[in-house]
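A.B. asks:
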Amino acid sequence: MRTYHRVRRPLLLLLLLLLTCAPGATFAQEVYQLPDGQETRWISPENPTGDKGAGAKENRGGKGHAFETIPLGATHTLAHIKGSGIIDRIWMTIEDRSPEALRGLKLEAFWDGAKTPAVSVPLGDFFLHGAGEIVPLETELFASPEGRSLVSYVKMPFRREARLTVTNESGKRVNLIFFDINYRSVTVLPKDTLYFHAWWNREKSTALGRDFRILPRIEGKGRFLGTSVTVLTNPVYERTWWGEGEVKISLDGDAEHPTLVGTGTEDYIGTAWGQGPYVNRFQGAPIATWDDEGRWTFYRFHVPDPVYFRHGIEVTLQQMGGARKPIILGLMKKGAPLVPVTIDPGSRDNFQQLLYSSKQLPDAALPDGHTNYYRSDDVAAVAYFYLDKPDRVLPSIAPVAERLSGLRVPKKK
Numbered sequence: 001m002r003t004y005h006r007v008r009r010p011l012l013l014l015l016l017l018l019l020t021c022a023p024g025a026t027f028a029q030e031v032y033q034l035p036d037g038q039e040t041r042w043i044s045p046e047n048p049t050g051d052k053g054a055g056a057k058e059n060r061g062g063k064g065h066a067f068e069t070i071p072l073g074a075t076h077t078l079a080h081i082k083g084s085g086i087i088d089r090i091w092m093t094i095e096d097r098s099p100e101a102l103r104g105l106k107l108e109a110f111w112d113g114a115k116t117p118a119v120s121v122p123l124g125d126f127f128l129h130g131a132g133e134i135v136p137l138e139t140e141l142f143a144s145p146e147g148r149s150l151v152s153y154v155k156m157p158f159r160r161e162a163r164l165t166v167t168n169e170s171g172k173r174v175n176l177i178f179f180d181i182n183y184r185s186v187t188v189l190p191k192d193t194l195y196f197h198a199w200w201n202r203e204k205s206t207a208l209g210r211d212f213r214i215l216p217r218i219e220g221k222g223r224f225l226g227t228s229v230t231v232l233t234n235p236v237y238e239r240t241w242w243g244e245g246e247v248k249i250s251l252d253g254d255a256e257h258p259t260l261v262g263t264g265t266e267d268y269i270g271t272a273w274g275q276g277p278y279v280n281r282f283q284g285a286p287i288a289t290w291d292d293e294g295r296w297t298f299y300r301f302h303v304p305d306p307v308y309f310r311h312g313i314e315v316t317l318q319q320m321g322g323a324r325k326p327i328i329l330g331l332m333k334k335g336a337p338l339v340p341v342t343i344d345p346g347s348r349d350n351f352q353q354l355l356y357s358s359k360q361l362p363d364a365a366l367p368d369g370h371t372n373y374y375r376s377d378d379v380a381a382v383a384y385f386y387l388d389k390p391d392r393v394l395p396s397i398a399p400v401a402e403r404l405s406g407l408r409v410p411k412k413k
């Protein structure tokens with residue numbers, strides 16, 4: 001036993017040394033360590049450049065410039081940083097937090113002088129508030145301590161330049177916007193550093209039997225960090241469960257069939273048998289209500305379970321719901337657009353795969369049970385990912401008229 005410990009200890013020390021010298025290791029240190037080549041900077045209206053010794057200049061330092069105003073149609077630059085660095089935190093608040101403001105304000109980020117934004121998303125959707133309402137939450141990547149602010153902890157590195165902007169397409173002037181952009185200037189970034197991207201997509205009425213694309217197929221090397229999805233349910237399906245669809249992730253050349261497949265929407269975010277409101281570190285559903293005809297926002301962050309790709313990736317969500325067979329038959333009689341998919345009588349015994357069968361759902365030979373069916377809802381999502389290129393790789397964000405169309409105003413509490 002003594003010999004075993006004597007041999008194991010040097011091996012552990014060697015492993016620790018190798019890990020410490022690995023690329024990027026200089027950016028992971030204990031809280032009591034002072035790393036070389038890094039300087040802390042904050043950009044806010046009180047120090048719009050973030051330069052050393054350049055803050056609190058107005059009104060003799062007496063909070064002379066704590067906020068900005070953005071006219072309708074104008075773009076305000078939150079930060080324009082030259083050099084190499086890492087954005088660690090973004091905080092902001094606005095006085096108008098209506099659904100129109102959350103979907104109508106557009107957040108964009110440009111890396112290393114790129115002409116197109118790697119991040120281009122509605123402000124509310126980016127911070128997990130796609131259902132038109134800010135609620136208190138604290139997660140690994142985003143927070144709103146009391147439901148009045150927007151906070152991001154997503155790491156956003158850049159090699160030569162970073163520019164963050166907010167464009168006001170909300171329909172009225174933004175009188176008050178307060179913000180902090182907290183970053184570190186660094187001497188050098190590891191060679192394998194990737195650029196942060198965020199892409200927003202919405203289908204106001206998803207197609208029956210066609211998966212919604214959280215992240216359309218892209219090429220390159222990177223990491224899928226996660227997603228925030230908002231579903232406004234179609235009232236023709238009444239209050240039947242909408243979240244039976246599986247998340248599918250195609251990796252590195254997958255063609256007809258993906259490599260990564262889940263078992264259901266609520267399963268993907270770590271819960272089961274339906275989905276209530278909850279907020280956890282890596283997964284949750286800040287909004288889960290049948291009020292206002294049904295509003296749902298949920299998220300999953302692949303931080304403890306990374307999703308890497310070397311050549312390309314695509315992420316989709318099946319548009320599928322479920323209810324007891326008699327309820328589905330009732331919806332069909334009322335003309336609801338749907339396609340029955342499976343019948344689960346309670347076990348694999350006599351489980352029916354209807355897409356293979358010539359039998360129709362009303363057939364008396366088919367068993368009773370939970371019936372999954374393709375359906376059509378209003379679905380929007382933000383895909384968060386890192387990529388080995390700074391430019392936009394997906395279509396530009398939808399025009400504001402499309403973003404604002406069909407919003408549901410939360411009931412006043």
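For the sequence shown, full-length UniProt numbering gives the first residue as 1, with consecutive numbering after it.
Ideal Cβ positions, reconstructed from N, Cα and C, are used throughout, including at glycine.
Just so you know, these numbers come straight off a predicted model, no measurement behind them.
1) From this set, Y237, I269, D267, D125, which residue's C-alpha is nearest E293's C-alpha?
2) Mapping the DSSP letters down to three states, classify G50 as helix, strand or coil.
3) Say whether the stretch 392 to 411 touches the stretch 193 to 202, bearing in mind that this needs 3 or more beta-carbon pairs closer than 8 angstroms, one atom from each stretch.
4) Between which two residues does the beta strand (DSSP E) containing E219 stretch?
5) Taking only the alpha-carbon atoms, compute the straight-line gap between V341 and A207 and give it to the nearest angstrom.
6) Between Y195, R295, G37, which has its C-alpha nearest F158's C-alpha?
7) Taking C-beta to C-beta, are N350 and P326 nearer than 9 angstroms?
8) Sorted by chain position, which residues of the same chain lie with C-beta nearer than 6 angstroms to T230's C-beta, five sequence neighbours on each side aside?
9) Can T139 and N280 be called in contact, C-beta distance under 9 angstroms?
10) Going residue by residue through the stretch 71 to 142, where are the continuous alpha helix (DSSP H) segments of at least 4 residues, counting only ones entirely within it?
11) Roughly how many whole angstroms lie between the Cα atoms of K412 and V188?
12) Report all residues from its chain with a CB closer than 6 angstroms to the CB of T259; omit the five preceding and five following residues, and keep chain order.
13) Less than 9 angstroms between the beta carbons of P122 and L105, yes or no?
14) Quick check on this structure: which residue in F224, P48, A285, P345 has the alpha carbon closest to the alpha carbon of P306?
15) Who are P241's beta bridge partners in DSSP?
16) Report yes if the C-beta distance between F179 and P45 is below 9 angstroms; otherwise report no.
17) Residues in its own chain within less than 6 angstroms of A288 by CB, not counting five upstream and five downstream?
18) Leaving aside the five residues before and after T77 along the sequence, list all residues of the same chain whose C-beta is less than 8 angstroms from its C-beta, in chain order.
19) Could you tell me the alpha carbon to alpha carbon distance between R148 and T93, rounded to whole angstroms?
20) Have a look at Q353 and G245 and give me their C-alpha separation to the nearest angstrom.
21) Can you tell me the Cβ-Cβ gap for D388 and K221, rounded? I've got them flagged as a contact below 8 angstroms.
22) Determine the DSSP secondary structure at G24, reduced to helix, strand or coil.
23) Tell me which residue opens and which closes the alpha helix (DSSP H) that L387 is part of.
24) Take H311 as the anchor and find which of V31, D254, I43 has the nearest alpha-carbon.
25) Name, in chain order, the residues that DSSP records as bridge partners for P157.
26) So the candidates are T116, P235, S152; which of them puts its Cα closest to the Cα of S376?
27) Considering V400, what are the terminal residues of the beta strand (DSSP E) in which it resides?
28) So for P286, helix, strand or coil by DSSP?
29) What does DSSP give as the partner residues of residue 473 in its beta bridges?
30) Can you tell me whether P399 is buried or exposed? The criterion is at least 16 other CB atoms within 10 Å of its CB, across all chains shown.
31) Starting from D180, trace the alpha helix (DSSP H) in both directions and tell me its first and last residue.
32) Can you tell which of E161, I177, K115, D51 has its C-alpha closest to the C-alpha of A101?
C.D. replies: On the basis of the supplied data:
1) Y237
2) Residue state, collapsed to three classes: coil.
3) yes
4) Taken as a continuous stretch (DSSP letters only), the beta strand (DSSP E) holding E219 covers 212 to 219.
5) Cα-Cα distance, rounded: 15 angstroms.
6) Y195
7) no
8) G130, A131, T297, A380
9) Yes, the Cβ-Cβ distance between T139 and N280 is below 9 angstroms.
10) 99 to 104, 123 to 126
11) 50 angstroms
12) L251
13) A contact, by the Cβ cut-off of 9 angstroms.
14) F224
15) Note that residue 241 corresponds to Trp in the displayed sequence, not to Pro. W241 is bridged to G322.
16) yes
17) Q275, G276, P277, W296
18) R163, L164, T165
19) Roughly 7 angstroms between the two C-alpha positions.
20) 15 angstroms
21) 4 angstroms
22) Unreliable placement is indicated for G24, whose pLDDT of 39 sits below 50; the coordinate value is still reported in the next sentence. Three-state result, G24: coil.
23) Annotation for L387: no alpha helix (DSSP H) segment contains it, though the beta strand (DSSP E) segment containing it runs 378 to 387.
24) D254
25) I86
26) P235
27) Run containing V400: none in the beta strand (DSSP E); it sits in the alpha helix (DSSP H), 400 to 404.
28) strand
29) Absent from the model: residue 473. The displayed extent of the chain is 1 to 413, so no value can be given.
30) exposed
31) It is not in any alpha helix (DSSP H) - D180 instead sits in the beta strand (DSSP E) that spans 174 to 186.
32) I177
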